[in-house]
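Q: Quick one: the structure is below, and I'll ask about it shortly.
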Amino acid sequence: MKKNILLIGHGAMARKVLQELPDHLQISHLLIREAQRAETEAALAGSGIHIVTSLEECEAVPDFALECAGHGAVEQYGAEFLAKGIDFGVVSVGALANKALMDQLEAAAQAGKSQLHILAGAVAGIDALAAAREGGLDEVIYSSCKPPLSWLNSPAEQLLDLKSLTEPTAFYEGNAREAARQFPANANVAATIALAGLGFEKTRVRLVADPTVKGNVHRIHARGSFGEFDIELRGKPLVDNPKTSTLAALSAVRALRHGGDWIVI
Ligand SMILES: NC(=O)c1ccc[n+]([C@@H]2O[C@H](COP(=O)([O-])OP(=O)(O)OC[C@H]3O[C@@H](n4cnc5c(N)ncnc54)[C@H](O)[C@@H]3O)[C@@H](O)[C@H]2O)c1
């Protein structure tokens, strides 16, 4: 049983995790940026959670750290925690499209005899995809469909007139590595699918601006020796952050439950 759980970040996802955490689990430490200390301490007063801004500040070494903070936090803390023998859970999986960071994390995990846990996040079917890989996969295609305005502030702006689009339009087709490089804000799900299945180079990604959809629609097509599957998931965003899906936060709760329950599914 994992006793000491450290959560990184106190944004929309971490707040949802704290809200949905089963009663028998307790977060021992919350790692935040110094600038957020006062507001976080006020928000969590009486919760029993120690607010820290570094691993050194923790009075007991955590068993498990869960990043709910962004790609920068994976870069900042991943190798440090793994090298110290602390299993590290990641929701900002897009950070792992950076091969140099992956190499660094692998070396740290080997040195610390620890594990990097990739959370399924906003998408379904990661269990099936990872199982299918064991028998051999021939093809994995991920399509991400979002309303046009959700693609504002991404390179899609240069490729399409997002404000006047009237029909679904694909503006990127390529591999998951390049998708993560060009669209880092949308890289998490593509990276998770790549890591579970055929890897960053062989996983095909299609990004679509679709005025007919309301939320984010994730579609995965996978084919291999197991057969084939097509999954479509229509996620609802978190109230506090329209860019983060509710399911991603709930997958973080599930990961924490895994460390504390007698039954794992
Ligand atoms: N895997 C998935 O499917 C999926 C889906 C949605 C979001 N995500 C990831 O989850 C992350 C968190 O989402 P959110 O809605 O809470 O975002 P948010 O912007 O609401 O909150 C992020 C919080 O983390 C803090 N933070 C950032 N870098 C930090 C660092 N180095 N150290 C400590 N704190 C740091 C920020 O100050 C902020 O409070 C996103 O950045 C995204 O990468 C993953």
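Following this note's numbering, the numbering of the sequence shown begins with -7 at its first residue and continues without gaps.
The C-beta atom is built at its ideal place from N, Cα and C for all residues, glycine as well.
This one's a predicted model, so the numbers in the text were calculated from it and none came from an experiment.
(1) If G216 sits next to G128, beta carbons under 8 Å apart, how far is it from one beta carbon to the other, in whole angstroms?
(2) Does DSSP put L(-1) in a helix, in a strand, or in coil?
(3) Could you pull the start and end residues of the beta strand (DSSP E) that L144 belongs to?
(4) According to DSSP, what are the bridge partners of C137?
(5) According to DSSP, is T158 helix, strand or coil?
(6) Leaving out five residues on either side along the sequence, give the residues of the same chain with a beta carbon under 6 Å from the beta carbon of M5.
(7) Does the count of Cβ pairs from the stretch 223 to 239 and the stretch 161 to 168 closer than 8 Å reach three?
(8) So, at 7 Å on beta carbons, what are the nonlocal neighbours of P54 in its own chain, with the 5 sequence-adjacent residues on each side left out?
(9) Between which two residues does the alpha helix (DSSP H) carrying I185 extend?
(10) Shorter than 7 Å, the distance from the beta carbon of T236 to the closest heavy atom of ligand 1, or not?
(11) In three-state terms, what does DSSP make of E165?
(12) Could you tell me the alpha carbon to alpha carbon distance between P140 and L121, rounded to whole angstroms?
(13) In three-state DSSP terms, what is A247?
(14) Would the beta-carbon of R25 be found less than 7 Å away from any heavy atom of ligand 1?
(15) Do L248 and L13 have their beta-carbon atoms positioned less than 8 Å apart in this structure?
A: Looking at the coordinates:
(1) Translated into positions along the sequence shown, residue 216 becomes position 224. Translated into positions along the sequence shown, residue 128 becomes position 136. Going by Cβ atoms, the distance from G216 to G128 rounds to 5 Å, so yes, they are a contact pair.
(2) The sequence position of residue -1 within the sequence shown is 7, counting from 1. Of the three classes helix, strand and coil, the one that applies to L(-1) here is strand, per DSSP.
(3) Against the sequence shown, residue 144 aligns to sequence position 152. Under the DSSP assignment, L144 falls outside any beta strand (DSSP E); it carries neither an H nor an E label.
(4) Here residue 137 refers to the residue found at position 145 when the sequence shown is read from its first residue. When DSSP reads this structure, C137 sits in a beta bridge with V200 and V209.
(5) Residue numbering aside, residue 158 sits at position 166 when the sequence shown is read from its first letter. Of the three classes helix, strand and coil, the one that applies to T158 here is coil, per DSSP.
(6) For this step, residue 5 is matched to residue 13 along the sequence shown. Contacts found: C60, T236 and A241.
(7) For the pair of segments examined, the stretch 223 to 239 was found not to touch the stretch 161 to 168: the number of CB pairs separated by less than 8 Å stays below three.
(8) Within the sequence shown, the letter at position 62 stands for residue 54. Answer for P54: N(-4), I(-3), L(-2), S20, H21 and I78, listed in chain order.
(9) Taking the sequence shown and counting its residues from 1, the one referred to as residue 185 is at position 193. Going by DSSP, I185 is part of the alpha helix (DSSP H) stretching over A179 to A188.
(10) One-based indexing of the sequence shown puts residue 236 at position 244. Yes, the Cβ of T236 comes within 7 Å of a heavy atom of ligand 1.
(11) Position 173 of the sequence shown, counting from 1, holds the residue named residue 165. E165 falls in the strand class under three-state DSSP.
(12) Looking up residue 140 in the sequence shown gives position 148. Looking up residue 121 in the sequence shown gives position 129. Across the structure, P140 and L121 are spaced so that their CA atoms are roughly 29 Å apart.
(13) In the sequence shown, residue 247 corresponds to position 255, counting from 1. In this structure, A247 counts as helix in the three-state DSSP scheme.
(14) What you label residue 25 is simply residue 33 of the sequence shown in a count that begins at 1. Yes, ligand 1 has a heavy atom inside 7 Å of this Cβ.
(15) Counted from its first residue, the sequence shown places residue 13 at position 21. Counted from its first residue, the sequence shown places residue 248 at position 256. Cβ distance < 8 Å, so L13 and L248 count as in contact.
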